[in-house]
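Below: one structure, written as structure tokens.
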Amino acid sequence: MNEFDQYAQKNLKIKNYIRYTDDFVFVHNSRKYLEQLVPGISTTLQHQLKLNLHPQKVSIRKVGQGVDFLGYVVFPYFTLLRTKTKKRMLSCVLGKTIEYAQRGISYNSFKQTLSSYSGMLKYCCSLNIRGSMSKIINNRCNLKSL
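For the sequence shown, position 6 matches number 151 in the working numbering, and the numbering has no gaps at all.
Here it is in structure tokens:
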């Protein structure tokens with residue numbers, strides 16, 4: 146993807162560009178400008194990297210609507226966990242809590258799972274999600290929040 150980074154910075158002269166592996170976001174104040182970039186970006190990805198843009202994953206939207214990126218929805222002044230990510234996380238916490246309560250997994254394994262999710266939650270507004278996790282844990286195995 147280094148070739149694509151060079152193309153975005155040197156050819157397109159994009160200043161507000163974020164990329165993590167094959168996910169990327171361009172930020173610009175002109176919708177028309179961004180719409181004009183899509184065909185060139187698509188062609189460059191196809192020829193240089195043999196990659197295709199997924200037509201349903203290309204979206205041009207106002208920043209105030211939030212940018213869905215890496216499991217989070219990023220707004221100008223705050224970040225939320227994506228709903229799908231939150232549901233998957235709470236489902237996994239419930240499953241691990243049940244396993245732990247039934248002695249199917251060790252305390253260390255259980256705590257590692259919770260620590261991993263806690264790490265993810267550090268980067269977003271997560272008070273309600275943390276509360277939901279605590280309720281799941283307290284209801285299933287009478288533990289205080291870890």
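For every residue, glycine included, the Cβ atom is placed at its ideal position computed from N, Cα and C. Since the model is a prediction, treat every value here as computed from it, not as a measurement.
Residue i versus residue j: straight-line alpha-carbon distance, rounded
i: L182; j: Y217; result: 25 Å
i: F220; j: H192; result: 33 Å
i: L198; j: P184; result: 10 Å
i: L179; j: I205; result: 7 Å
i: V238; j: C269; result: 18 Å
i: M265; j: T224; result: 12 Å
i: K158; j: Y152; result: 8 Å
i: K207; j: N253; result: 43 Å
i: E292; j: I250; result: In the structure as shown, the chain begins at 146 and stops at 291. Residue 292 is therefore absent and cannot be evaluated.
i: M146; j: Q154; result: 12 Å
i: G240; j: K267; result: 22 Å
i: H173; j: L196; result: 24 Å
Buried/exposed call for residue i, threshold 16 Cβ in 10 Å
i: T228; result: exposed
i: F163; result: Per the sequence presented here, residue 163 reads as Ile, with Phe not at that position. Answer is exposed; the Cβ neighbour count stays below 16.
i: S271; result: buried
i: T258; result: buried
8 Å contact criterion, which residue i and residue j should meet: CB distance rounded
i: L194; j: F149; result: 6 Å
i: I281; j: T242; result: 6 Å
i: M278; j: L235; result: 7 Å
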